[in-house]
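Engineer:
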């Protein structure tokens, strides 16, 4: 069985390191603090939160994913769905359903898990005044055994047309729930800063900031080597360093490339540089349709800009040499193209560098051109 996991929350023996971070998280959860957790996507933020909650005796995770949120109605429904998931194994589900009678809930049994599931009438649009009601429901859960409330990709709440009102209503209720720990997880720093560090934001200085950095090479590389060893494989140091470099030291992407290396090798093999091409080709074959979909969304100018960043890097995109390579004469052309590429979540800005959200898409692009 392939031991490498990516794109999912990991815990227990699949969780690597982060002792200091876990200690901070556990201490803050036990003290019912508010936490804002920052880090790049796929660096392991959600797994760190999940592992910390597991290590807290008697705590329960109420997980709300706000990725791509577009409306207050969707915000409220995602919170309600998280509450139902948390309580579906307890006797409180019926009580919750009764309290939400105005949403005309219906209960059915999942044919796979045999667990009860709840759906709400989609024709009823939840407005801003529903936010305090939903959070009051969370507070009622805490009377039995407090939940740890996690809002993942919290920066996407800024996508709402009435985001300020939503934030103000959330804050007005959360600040009085002193017994319940809230963790706000985000991957786009400037948006999270706009929420938590700008003085005119309702959430200004409302949470303890923590950062999830990439795992140290020495620690994570030893963890990965042990995974290969269990399958009677061995990866040489140079190849593993190349894996880290290609994946920009992001643990989720490193695991993805290791998973592909496992698939293209056999027991008792020593995995060297020659195996990287096959592993990348496997990833390309799996993801080609999504890559082609990205391409279909771009104009010729945007694609030229993206190709140039893939080949030249994203540190000096307004320099004469970069524009000459890309075939542009005007920095504003580059700026407009990059703005669109960020909006499409193909690129993101990190420490004065424009980087690919998916490093394997970057590796695939030169083959396309």
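Numbering (our numbering), first residue to last: 241 to 609.
Where is the CB? At the ideal position from N, CA and C, for every residue including glycine.
Give every residue of the same chain whose Cβ lies closer than 8 Å to the Cβ of residue 407, excluding the five residues on either side of it in the sequence, and list them in chain order.
Structural biologist: 397, 435, 441, 442, 443
Engineer: With three or more C-beta pairs closer than 8 Å as the rule, is the stretch 409-420 touching the stretch 561-579?
Structural biologist: no
Engineer: Report the CB separation of residue 520 from residue 600 in whole angstroms; it is logged as a contact under 8 Å.
Structural biologist: About 7 Å separates the two Cβ atoms, so the contact holds.
Engineer: Taking three-plus beta-carbon pairs below 8 Å as touching, is the stretch 542-550 in contact with the stretch 509-528?
Structural biologist: no
Engineer: So is the beta-carbon of residue 457 under 7 Å away from any non-hydrogen atom of the ligand ATP?
Structural biologist: Summarising the ligand content, the structure contains no ligands, and the ligand ATP is consequently not present.
Engineer: Between the stretch 419-431 and the stretch 378-395, do three or more beta carbon pairs fall short of 8 Å?
Structural biologist: Remark: three or more beta-carbon pairs, one from each stretch, lie closer than 8 Å, so the stretch 419-431 and the stretch 378-395 are flagged as touching.
Engineer: Which stretch, first to last residue, makes up the beta strand (DSSP E) that contains residue 448?
Structural biologist: Residues 448-451.
Engineer: To which residues of the same chain is residue 272 closer than 8 Å at the C-beta, ignoring the five residues directly before and after it?
Structural biologist: 386, 418, 419, 420, 421
Engineer: Which of helix, strand or coil does DSSP assign to residue 305?
Structural biologist: strand
Engineer: Locate the alpha helix (DSSP H) running through residue 280, then write down its first and last residues.
Structural biologist: Looking at the DSSP string, residue 280 is not in any alpha helix (DSSP H), and its letter there is neither H nor E.
Engineer: Are the beta-carbon atoms belonging to residue 283 and residue 452 less than 8 Å from one another?
Structural biologist: yes
Engineer: Which same chain residues end up closer than 6 Å to residue 602 when comparing Cβ atoms and leaving out the 5 residues on each side of it in sequence?
Structural biologist: 550, 596
Engineer: Within a Cβ cutoff of 6 Å, which residues of the same chain sit near residue 463, ignoring the five residues on either side of it in sequence?
Structural biologist: 256
Engineer: Can you tell me which of the three DSSP states residue 494 falls into?
Structural biologist: helix
Engineer: Looking only at its chain, what residues have a beta carbon closer than 6 Å to the beta carbon of residue 489, apart from the 5 residues adjacent to it on each side?
Structural biologist: 454
Engineer: Would residue 371 and residue 395 qualify as a contact pair, given that the criterion is a beta-carbon distance under 8 Å?
Structural biologist: no
Engineer: Secondary structure at residue 476, three-state DSSP: helix, strand or coil?
Structural biologist: coil
Engineer: Alpha carbon to alpha carbon, how far is residue 277 from residue 302?
Structural biologist: 16 Å
Engineer: Along the chain, where does the beta strand (DSSP E) that runs through residue 246 open and close?
Structural biologist: From DSSP, residue 246 is part of no beta strand (DSSP E); its letter is neither H nor E.
Engineer: Determine the DSSP secondary structure at residue 420, reduced to helix, strand or coil.
Structural biologist: coil
Engineer: May I ask you to report which of helix, strand or coil DSSP gives residue 442?
Structural biologist: coil
Engineer: Within its chain, find whatever has a CB closer than 7 Å to the CB of residue 594; leave out the 5 residues flanking it on each side and keep chain order.
Structural biologist: 549, 554, 557, 578, 587
Engineer: Skipping 5 residues on each side, what residues in its chain have a beta carbon closer than 6 Å to that of residue 250?
Structural biologist: 287
Engineer: Identify the continuous alpha helix (DSSP H) that holds residue 540 and give its terminal residues.
Structural biologist: 540-552
Engineer: From residue 491 to residue 479, what does the alpha carbon distance come to, in whole angstroms?
Structural biologist: 16 Å
Engineer: Taking just the CA atoms, how far does residue 376 sit from residue 405?
Structural biologist: 17 Å
Engineer: Does DSSP put residue 270 in a helix, a strand or coil?
Structural biologist: helix
Engineer: When the Cα atoms are used, what is the spatial distance from residue 268 to residue 275?
Structural biologist: 8 Å
Engineer: Report the rounded CA-to-CA distance for residue 304 versus residue 514, giving the unit in angstroms.
Structural biologist: 42 Å
Engineer: Rounded C-beta distance between residue 366 and residue 313? I'm assuming under 8 Å.
Structural biologist: 4 Å
Engineer: Just how far apart, CA to CA, sit residue 411 and residue 403?
Structural biologist: A direct Cα-Cα distance of roughly 12 Å separates residue 411 from residue 403.
Engineer: How would you write the range of the beta strand (DSSP E) that residue 458 sits in, first residue to last?
Structural biologist: It is not in any beta strand (DSSP E) - residue 458 instead sits in the alpha helix (DSSP H) that spans 457-470.
Engineer: Do residue 261 and residue 450 have their C-beta atoms closer together than 8 Å?
Structural biologist: yes
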